[in-house]
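Number of protein chains: 4
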Amino acid sequence: MTTDLTPSPVRLHAVAGKGQPEPTPELEQLYRGFEQELLVPLWTQIGDLMPRQPQSKAVPHLWRWDRLKALAAQAGAIVPVGRGGERRAIALANPALGGRPFATPTLWAAIQYLMPGEDAPEHRHTQHAFRFVVEGEGVWTVVNGDAVRMSRGDFLPQAGWNWHAHHNAATEPMAWIDGLDIPFSYYTESQFFEVGREKLPPAERTTAERSYSERLWGHPGLRPVSMVQAQPATPLLAYRWVDTDRALADQLALEDEGQAGTLSPGHAAVRFTNPTTGADVLPTMRTEMHRVRAGGATRVQREVGSSVFQVFDGSGTVTVGERTWQVARGDLFVVPSWQPFSAQASAAGALDLFRFSDAPIFEALHSHRVQVTV
Amino acid sequence: MTTDLTPSPVRLHAVAGKGQPEPTPELEQLYRGFEQELLVPLWTQIGDLMPRQPQSKAVPHLWRWDRLKALAAQAGAIVPVGRGGERRAIALANPALGGRPFATPTLWAAIQYLMPGEDAPEHRHTQHAFRFVVEGEGVWTVVNGDAVRMSRGDFLPQAGWNWHAHHNAATEPMAWIDGLDIPFSYYTESQFFEVGREKLPPAERTTAERSYSERLWGHPGLRPVSMVQAQPATPLLAYRWVDTDRALADQLALEDEGQAGTLSPGHAAVRFTNPTTGADVLPTMRTEMHRVRAGGATRVQREVGSSVFQVFDGSGTVTVGERTWQVARGDLFVVPSWQPFSAQASAAGALDLFRFSDAPIFEALHSHRVQVTV
Amino acid sequence: MTTDLTPSPVRLHAVAGKGQPEPTPELEQLYRGFEQELLVPLWTQIGDLMPRQPQSKAVPHLWRWDRLKALAAQAGAIVPVGRGGERRAIALANPALGGRPFATPTLWAAIQYLMPGEDAPEHRHTQHAFRFVVEGEGVWTVVNGDAVRMSRGDFLPQAGWNWHAHHNAATEPMAWIDGLDIPFSYYTESQFFEVGREKLPPAERTTAERSYSERLWGHPGLRPVSMVQAQPATPLLAYRWVDTDRALADQLALEDEGQAGTLSPGHAAVRFTNPTTGADVLPTMRTEMHRVRAGGATRVQREVGSSVFQVFDGSGTVTVGERTWQVARGDLFVVPSWQPFSAQASAAGALDLFRFSDAPIFEALHSHRVQVTV
Amino acid sequence: MTTDLTPSPVRLHAVAGKGQPEPTPELEQLYRGFEQELLVPLWTQIGDLMPRQPQSKAVPHLWRWDRLKALAAQAGAIVPVGRGGERRAIALANPALGGRPFATPTLWAAIQYLMPGEDAPEHRHTQHAFRFVVEGEGVWTVVNGDAVRMSRGDFLPQAGWNWHAHHNAATEPMAWIDGLDIPFSYYTESQFFEVGREKLPPAERTTAERSYSERLWGHPGLRPVSMVQAQPATPLLAYRWVDTDRALADQLALEDEGQAGTLSPGHAAVRFTNPTTGADVLPTMRTEMHRVRAGGATRVQREVGSSVFQVFDGSGTVTVGERTWQVARGDLFVVPSWQPFSAQASAAGALDLFRFSDAPIFEALHSHRVQVTV
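Residue numbers (the numbering used here), protein chains in the order written: chain A, 1 to 374; chain B, 1001 to 1374; chain C, 2001 to 2374; chain D, 3001 to 3374.
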């Protein structure tokens, strides 16, 4: 095994510190042996590998919606959509993750842009995905033959390994946000991909108000007796803004009446869930909508794992670790693992924040932690 | 232990049959010894105790709504509601269960009746319960201080050990159906009961359109982030007819469009579920609404455990084992364990059937079986 | 429905008490109407049906092993074993359960007796079962072709719907205890039964020391990679006394060393579990072995559901509700639901108690309660 | 957000291919805009990010035990063990993972070495760990005060966040293998670490044959009634070789008798499991021992996720992807995600392979796949 001609990638240097060996010639010889045999001692790495608490490689960062939107529109004019590239999706690249298209170490967040009449070709992949619409309407996402319309405020989960395509049936371009677990799948090397039909039949380029999935699964607390098995991801393909908005308004009204419901005073929040289990919509991603009352604020909280937020409505101030930003509709920002997060709504109106995170991964593995610090 | 003065309740007689002992004097002496020591041999009992398939002690039976209603109204005139009797509830007594108030060996079904202005006092018990409203409106069920209005078609689950009371705020009497697992709790001897406050405060005798529970939990696929733990029974206290009706209509419309959704051709069905788990609303009772298209029929099915049905709307024919009845709105009937059941809607319109059963008990214990025979 | 010629089994009588109606002629007329329509009002039944806490129909009772054994031996002489009667099993009949062969409302406990060379024919049933051997050896229980020897102290679970037969390969008769959920299956009407082969082939009348199941599953913390799915009941067919005894001794020794492990001071206890889930061996029955140190005692405890105990070794005093007995090897007694239980070992030596109960039913349905009162 | 002085890490280049945009000046301008705004388009990345099937960055590789052991011994002579460096552990660095101490993208595998009388200081961390002993004895791993001896063939799981230290009580140095989920925790940024006591008290530097955990949990199918809650990781701290060896031998003997049990003909395998759940010992790592009969072979299999193997005994040939090696006792090798693996035992004797993998991560997230190709 030591006969490979390629030089070893291991490079070892004596480091100073408590519990570290003396930098003697013998140590240097030992390190050369390690390098040759592709070995790395823990004692030179422990600070980085085993920190007292998560030390994210990612940093807090904000992307402005107007800048994203403008570049996406520019791409709409010159970049085709079709087989090979598959999607006109432009991903957030956390500035501390080496230029990779990863918003956080586990999460992908991209703006996708479709011109009038355009189709994004059908494919499927094991990566879980969702769409969230901060503005516009007119695009249909066709999932296993079920056409789901997309409008402002709608949340459309897309469990792994389902065939899907997009079609812009409107006369205007449309942009929305895609969230996926691409970085997680990439690091853990667990992903599969297949291309689908080259063209959808007319019946799947539909104009129905409600998708099949909504007609089967969109009734509160009710499920078809023909489909009573638990499913790892939600069969409901659209969570409409009218419902989400009402649920948030109800929580704040209940708070006004002295009833429980909000997450903390002035802070309403709903989680999108899988009606077959009550758990998160997707095995790897948690998705929520938060509303902070005008002039109100969330608590300061940090948790294991990372999040991406998009401002859905209103304006205010958000603080992530040592960064603070004024935010407005459409702005996106990331909260790295274990960084404190809080948000304040402006006095002018409520602040609505869409959030997605990798929390289900840690909950499934019993390693989730949350700490409310204020 | 044989010094008890009370005579032994054991009575043994030699029985003829394959594998049975000769009825000799020695056998008689042995049986007298068994009786004295409170022992019963399997070989005299096995046919009854271990049948080839469930042989229900209960029989199929139908109760006519008009007769029930008339008797309940009569009770309304002369039977008070208050502490001690607790409820003006009149239970179906399966004719083959010895005059006990058990619709089936595990299920209680009663008509409850409340006069204008009356209150049924607050109490709680570990038996799980629900209300189903086949007609009328105006009563409030107050659960842990949350007043829930009741109207035709509404289904109101009531998990065990929650405080609850009823109040008729209308000017007319109101009747509805109570379903409970009283016989199951009774046989298994697992029930607790407590009386509550003597009088509800005015704030809990409310006129709000939606209960707190509906405002928190009545949004499809959404749950409050403040309440993300799984709960053994549903926190949603009302499943409204408008939603149930729409879900059934959607299934039949999907069938018309060639899409999956119905349970069998012409037969739509939804199950009431716990949004925190996707499972049945109550740990011991399954509750469903079925709609058979005009002129259509269900398949013939039998399953382990028993069911009670109430005709919610329409008319038609139902067959249970060897019994067949014409049924109309409000009629109640029971399907004993492993008896074949089917229903046909009249040509005039759809047949809507509310059903509850003890299936979750058997599913939890891995002993459920279903057989579709036609 | 009121045209049945059989008289109604419902009999109603006005009862005195708080919340009860006046015994007027109108009430009598109402009750006659209820009887005719097969209806029973809650207010006449609530005290029995909905007690403040479980009020078992069963009573504490003790059966002496020497009496049981003598009667079983007598049966061995004159009662054949074969198809039809199926087993020479003689069940405990709780004196307050109407002479039925039910030790408690949910549990069957019987002494089974097999003469040298005899075979109990193969069958299967959905009722779950186990054998526990208080003395003797030489019988083989053959489960799906796997012959499992039985010796003093061994516990042999027998999940529902597995083929099984017994064969006495020794020169002496052998007796053991059978525990089943027959009463529970009977009341809930969920049981199936099939007869098997008339004669087992020689290969299944074996003399191997360890059964196939023990060779696959009898290694602590290890499972075959070829069988990694969870199973509702244990695949391990014998839990040997050498292991049980050592586990109990270890707990008491740990206590002596100041380490945790015992259930309470001087009281060691192990539960027989399903290695594929860590849960109870059978979906409906909990089985445990308890050891009370010489001169020691258990705490006083009551719980929902009923138990049957057999003294495996030692002697002492047990108290169930208001009954107290001196007990010795082989004696059996029942603890009805919610009756306080405690045991004291004599000063001469430890008291070993085998126990089975219906607790998994209540745990599965979220209705289990335990109260330690002293 | 574009005011950061640091240059953007994003570098974009037009790529040729189906579905790719023309490399025009407009495209170059667009790409500069993307770079400035920290955006990366999917269409330039999709081949790497979303392959048809897992394309591991890692490569198959083999480390020879004699070389590892010699370097570890050399380290024993010159590298101290103490607070700061924490452990004299030397990790395998997959040659394709950039010189990082990662055997695979998710798994850490290291040789740990302790001189006579040495102590590795107490600490705890959320990373899950285990020890596996290919040779030697005399070291004690002290977990929360419970001293667990280590001997050849023993497997010692170490769930996250338990205090632990090591002590070499023997007169010889001792080496063993540590497996951890360090790379997974590192990428997902979910790890915590704390230092413990500086010195263990004498009572924890023990010489008992069996640890407390073994006395409580080491009895097949039995669990303490005092500890009946499910736990996310095993409470049993040692799985002894005598049990593992017997379980493997039993499977092969059953195969000889025509009974089921082996994974495939000639290939026995046991999985180390958590007795409280029957699932894997640790939430993130699967651990197994495999035995291939002399002259026999495993099937060819590939699966999502990566594995590390160590040859425990015997010799033979292993094939991973396109690499094939002759292996002998102690040799370690890695199987990257979705690479076919097979092993053949030499004719001289059985080949025993210890294996650990990240499969529980994928099973928990519903993304596990296994394919048996021959």
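From the three backbone atoms N, C-alpha and C, an ideal C-beta is built for every residue, glycine too.
Just so we're clear, the structure is a prediction, and the values are computed from it rather than from any experiment.
Taking the Cα positions, C/Val2148 is about 19 Å away from C/Asp2245. Annotation: C/Leu2097 is outside any beta strand (DSSP E) and is labelled neither H nor E by DSSP. Between C/Tyr2212 and chain B, the shortest Cβ-Cβ separation is not below 9 Å. Per DSSP, A/Tyr113 is one residue of the beta strand (DSSP E) stretching across 108-114.
Residue environment analysis places D/Asp3243 among the buried positions, since at least 16 neighbouring C-beta atoms fall within 10 angstroms of its C-beta. Just so you know, the alpha carbons of C/Trp2161 and C/Thr2126 end up roughly 5 Å apart. Per DSSP, the beta-bridge partners of D/Gln3344 are D/Ala3297, D/Thr3317.
Per DSSP, B/Pro1025 lies in no beta strand (DSSP E) segment; the continuous alpha helix (DSSP H) that holds it begins and ends at 1025-1037. Looking at the DSSP output, D/Thr3273 sits in a beta bridge with D/Asp3280. In chain order, Lys18, Gly19 make up the part of chain A whose C-beta sits under 8 Å from the C-beta of D/Arg3083. Residues are counted here when their Cβ sits less than 7 Å from a Cβ of chain A; for the segment 3040-3051 of chain D these are Val3040, Pro3041, Leu3042, Trp3043, Gln3045, Ile3046, Leu3049, Met3050, Pro3051, given in chain order. Assignment of beta strand (DSSP E) within the segment 3152-3184 of chain D, counting only whole runs of 3 or more residues, yields 3155-3158, 3164-3168, 3174-3180 in chain order.
Contact check for A/Gly153 against A/Trp241 passes: the beta carbons are separated by less than 9 Å. Between the segment 1210-1229 of chain B and the segment 1250-1258 of chain B there are fewer than three C-beta pairs closer than 8 Å, too few to call the two in contact. Using a Cβ-Cβ cut-off of 9 Å, A/Asp119 does not count as an interface residue toward chain D, since no Cβ of chain D sits closer than that to its own. If you check each beta-carbon in the segment 177-191 of chain A against every beta-carbon of chain D, the ones closer than 7 Å belong to Ile182, Tyr186, Tyr187, Thr188, Glu189, Ser190, Gln191. For B/Pro1336, at least one C-beta of chain C is nearer than 9 Å to its own C-beta.
Runs of alpha helix (DSSP H) with 4 or more residues, each lying fully within the segment 3230-3269 of chain D, are found at 3241-3256, listed in chain order.
Contact of A/Thr277 with chain B by beta-carbon distance below 7 Å involves Thr1277, Gly1278.
In the three-state reduction of the DSSP assignment, A/Phe192 falls in the coil class, being assigned neither a helical nor a strand state. Scanning chain D for C-beta atoms nearer than 8 Å to the C-beta of C/Phe2272 yields Gly3221, Leu3222, reported in chain order. Distance between C/Asp2280 and A/Ala203, taken at the CA atoms: about 53 Å. At a cut-off of 9 Å between beta carbons, D/Ser3306 makes no contact with chain C. Straight-line measurement puts the Cα of D/Val3311 at about 26 Å from the Cα of D/Pro3235. Shortest Cα-Cα distance from C/Pro2116 to any of C/Pro2054, C/Leu2156, C/Ala2175, C/Leu2097 involves C/Ala2175. The alpha-carbon of B/Val1335 is positioned some 54 Å away from that of A/Arg299.
Nearest CB-CB separation between B/Gly1099 and chain C: below the 9 Å threshold. Straight through space, the alpha carbons of C/Pro2173 and D/Met3285 are spaced by roughly 51 Å. Under the three-state reduction of DSSP output, D/Pro3121 falls in the strand class. Contact annotation: in the segment 3287-3306 of chain D, residues whose CB is within less than 7 Å of a CB in chain C are Glu3288.
Secondary structure of C/Thr2044 (DSSP, three-state): helix. For D/Leu3071, the enclosing alpha helix (DSSP H) starts and ends at 3065-3078. In this structure, DSSP gives A/Ala208 a state outside helix and strand, which the three-state scheme calls coil. Residues of the same chain with a CB within less than 7 Å of the CB of C/Ser2337, apart from the 5 flanking positions on each side, are Pro2054, Ser2056, Val2304, Gly2305, Ser2306 in chain order.
Under the criterion of beta carbons closer than 8 Å, C/Ala2268 and C/Thr2262 qualify as touching, at roughly 5 Å. Our two residues, D/His3167 and D/Ser3213, have alpha carbons roughly 18 Å apart in a direct line.
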